[in-house]
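Count the sequence shown with my numbering and you get residues 1247 to 1836, in order. Encoded as structure tokens, the structure appears first; notes follow it.
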Amino acid sequence: MASASPTANNAATTPTKLRVKRFPPAQTPTNTYLTDEKGVWAWLTTVDHKKIGLMYLGAVAFFFALAGFLAIALRTELWTPAKTFIEADTYNQLFTLHGAMMVFFVLVPSIPAALGNFILPMQLGAKDVAFPRLNLASFYIYVFGAIFTFLSLANNGFDTGWTFYTPYSSDSNSAGIIWVTLGVFILGFSSILTGTNFITTIHKLRAPGISWDRLPLNVWALYATSIIQVLATPVLAITILLLAMENILDIGIFDPALGGDPVLYQHFFWFYSHPAVYIMIVPGFGIISEVITTFSKKTIFGYWAIALSSLAIAFIGFLVWGHHMFTSGQSAVATTIFSFLTFLVGIPTGIKIFNWVATLYRGSISMKTPMLYVFIFIFLFSIGGFTGIMLGALSVDIHLHDTYYVVAHFHYVMMGGTLIALLAGLHYWWPKMTGKMYNEPLAKIAAGFIFVGFNVTFLPQFIMGAQGMPRRYYNYIDQFTPFHQTSTIGSYILAVGFLIILYYLAHSLFKGKQAGPNPWNSCGLEWQSTSPPDFHNFSHTPVVIHGPYDYHQPMEEFQLGLAIEHGHGEEHAAADATTSEAVTSETTEA
1247 MASASPTANN
1257 AATTPTKLRV
1267 KRFPPAQTPT
1277 NTYLTDEKGV
1287 WAWLTTVDHK
1297 KIGLMYLGAV
1307 AFFFALAGFL
1317 AIALRTELWT
1327 PAKTFIEADT
1337 YNQLFTLHGA
1347 MMVFFVLVPS
1357 IPAALGNFIL
1367 PMQLGAKDVA
1377 FPRLNLASFY
1387 IYVFGAIFTF
1397 LSLANNGFDT
1407 GWTFYTPYSS
1417 DSNSAGIIWV
1427 TLGVFILGFS
1437 SILTGTNFIT
1447 TIHKLRAPGI
1457 SWDRLPLNVW
1467 ALYATSIIQV
1477 LATPVLAITI
1487 LLLAMENILD
1497 IGIFDPALGG
1507 DPVLYQHFFW
1517 FYSHPAVYIM
1527 IVPGFGIISE
1537 VITTFSKKTI
1547 FGYWAIALSS
1557 LAIAFIGFLV
1567 WGHHMFTSGQ
1577 SAVATTIFSF
1587 LTFLVGIPTG
1597 IKIFNWVATL
1607 YRGSISMKTP
1617 MLYVFIFIFL
1627 FSIGGFTGIM
1637 LGALSVDIHL
1647 HDTYYVVAHF
1657 HYVMMGGTLI
1667 ALLAGLHYWW
1677 PKMTGKMYNE
1687 PLAKIAAGFI
1697 FVGFNVTFLP
1707 QFIMGAQGMP
1717 RRYYNYIDQF
1727 TPFHQTSTIG
1737 SYILAVGFLI
1747 ILYYLAHSLF
1757 KGKQAGPNPW
1767 NSCGLEWQST
1777 SPPDFHNFSH
1787 TPVVIHGPYD
1797 YHQPMEEFQL
1807 GLAIEHGHGE
1817 EHAAADATTS
1827 EAVTSETTEA
């Protein structure tokens, strides 16, 4: 007999007994999602959320490698104050393409569409997402958006910066701008469909026993992210469509030469793009919550505080777009309000960091690679957050706006936050996705390279920005040469770290040790399946009688399957109406 207190959802219902049989996952699975359907066509037409997640992961990795190569080229060009090896016009196009790819093709879809697609249904005990075909369609929309964007390179390219500010983008002679804006417009639908799919899945496909207070914090984070995707992305789509119409039809919407308002474009763009920052980072928060409990073997401190802070960030994030426009001629009242709201959005983020540190306190900490990335995340993201508070102060931002200080801040938040969290999640769930373990010593070495390389790259940029070095400049005065050269050396160190990761992850696919179903001894529901998982994730529909972080409970109580003698509908009805005190379990071999 397993026992736990009733949840708020079922406390008023009379308990009924539900006999269940315990099915421990097989150590060496014979049939997995990787072996169920083989061949290129099977992958291209699959509706399995796990394969779609891996296809997203592959696409994101490709675009990240391409954008990273451009970043190395840009940093190499900035080794000297004058031309090093790239012409000025080419430089403008390269940093624009680097930014657009990193934001729209890497950071926005990386965690929700790649890791989220793979892990979310498993954490809910579901067989798939609510709309599997829509899930596949969202991936191909993402691919088509990328194709349209790259077609711009064959049509004179674009050099507007990733924000596409007018009047830079209001050039009727540039076919490249039309192509890239249409590409981003198409890409937005992928984000909207993924968010809609996740919201429906979380509401409708939770396994028996998973109430709202038993949802993993990663699911809460993806839920908050999906809300932002559904509500904010249409604004970007409409804005980009208006920009494309302005270029195609030569009408005045944003272009001042045609009677348009360029500041209106900034309002529209940042109304999406600041919430987009939280589309990128909030899923990372969910990963950190999962990893930190697994490797400290402690119940998460302040479950509801962390869960609700994700929703608070999603809400407040819609109200702070104006802090990107302190120098754009806003009224004193508007800038003061946006400054206050900028400080306010830091509170729920601070709550998360406080609770993570409290979870670590007196925990049984295991310094595996995913946990190393958690510590790197907390260090780097804290720097990004504190410097964001400084930029929210009006008097400081007037001096630092559009300098390298903003570049460093943005990268500490986006790369030091989102990308490091992605690496933590990738290393954490890699054994589940592939069934193989990677080389742990090499992984720790790579983490060291990334930590050192990142700080050597971007810390000097804070100093440059504070001294007045503008962002996006092709040339600079001699006094900034040491800082630029240090930053360039750091980018090379960073690249070495990522190449090491590529090597040992690829090596693990062919020669890695078998991972087993739960190599980290986690209480998470996704770890109670085989590695790699079954095509339908679980051999038996799980009944959840504990929360995902109840490390004080016996591990064998976390894997339960419904008894064979119950009908499917009866099973779900009984499970929803039962408390865990009413659950009887019988141990049975799988």
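Just so you know, even glycine gets a beta-carbon here, dropped at the ideal spot from N, CA and C.
Just so you know, the alpha carbons of His1295 and Val1349 end up roughly 23 Å apart. With contacts defined by Cβ atoms closer than 8 Å, Ser1542 and Trp1466 do not form a contacting pair. DSSP places Asn1685 outside both helix and strand once states are collapsed to three, so it counts as coil. Between the region 1350-1360 and the region 1514-1529 there are three or more inter-stretch CB-CB distances shorter than 8 Å, so the stretches are counted as touching. The Cβ atoms of Tyr1279 and Pro1779 lie closer than 8 Å to each other.
Under the DSSP assignment, Thr1342 falls in the alpha helix (DSSP H) whose first and last residues are Ala1334 to Ala1346.
Put simply, the backbone Cα of Ala1712 is about 15 Å away from that of Ile1723. Ala1467: member of the alpha helix (DSSP H) spanning Leu1463 to Leu1495, first to last residue. In this structure, the beta-carbon distance from Pro1765 to Phe1729 does not fall below 8 Å. According to the DSSP assignment, Gly1530 belongs to the alpha helix (DSSP H) that extends over Pro1508 to Thr1540. In the three-state reduction of the DSSP assignment, Asp1796 falls in the coil class, being assigned neither a helical nor a strand state.
If you ignore the 5 residues before and after Thr1395, its C-beta comes within less than 6 Å of the C-beta of Val1426 and Gly1429, all in its own chain and listed in chain order. Judged by DSSP in its simplified three-state form, Thr1649 adopts strand. One Cα belongs to Ser1641, the other to Asp1648, and the distance between them is close to 14 Å.
By the Cβ-count criterion, Arg1452 is buried, with 16 or more other Cβ atoms from all chains shown falling within 10 Å of its own Cβ. A direct Cα-to-Cα measurement between Gly1314 and Arg1321 gives close to 11 Å. Minimum Cα-Cα distance from Asn1363 among the listed residues Tyr1684, Phe1431, Pro1529 and Arg1718 corresponds to Pro1529.
Below 8 Å, enough C-beta pairs join the region 1433-1440 and the region 1370-1386 to call them touching: three or more. Judged by DSSP in its simplified three-state form, Gln1273 adopts coil rather than helix or strand.
Annotated three-state conformation of Asp1294 is coil, per DSSP. Listed in chain order, the non-local C-beta contacts of Val1698 below 7 Å within the same chain comprise Ile1739, local neighbours out to five positions each way being set aside. The DSSP-derived three-state label of Gln1731 is helix.
At a Cβ-Cβ threshold of 8 Å, Ile1357 and Gly1671 count as neighbours.
A distance below 7 Å between beta-carbons, with the five flanking residues on each side excluded, links Leu1397 to the following residues of its chain, in chain order: Trp1425. Rounded to whole angstroms, the Cβ separation of Pro1271 and Pro1763 is 4 Å, and the two are in contact under 8 Å. The region 1286-1295 and the region 1329-1347 do not touch, with fewer than 3 CB-CB distances between them shorter than 8 Å. By the C-beta density criterion, Arg1379 is exposed, having fewer than 16 other C-beta atoms within 10 angstroms. In the DSSP secondary-structure assignment, Asp1780 is bridged to Asn1783.
Residue environment for Trp1602: buried (at least 16 other C-beta atoms within 10 angstroms of its C-beta). Residue pairing by DSSP places Pro1358 in no beta bridge whatsoever.
Within the same chain, and ignoring the five residues on either side of Ser1737 in sequence, the residues whose Cβ sits closer than 8 Å to its Cβ are Ala1317, Ile1318, Arg1321, Gly1699 and Thr1703.
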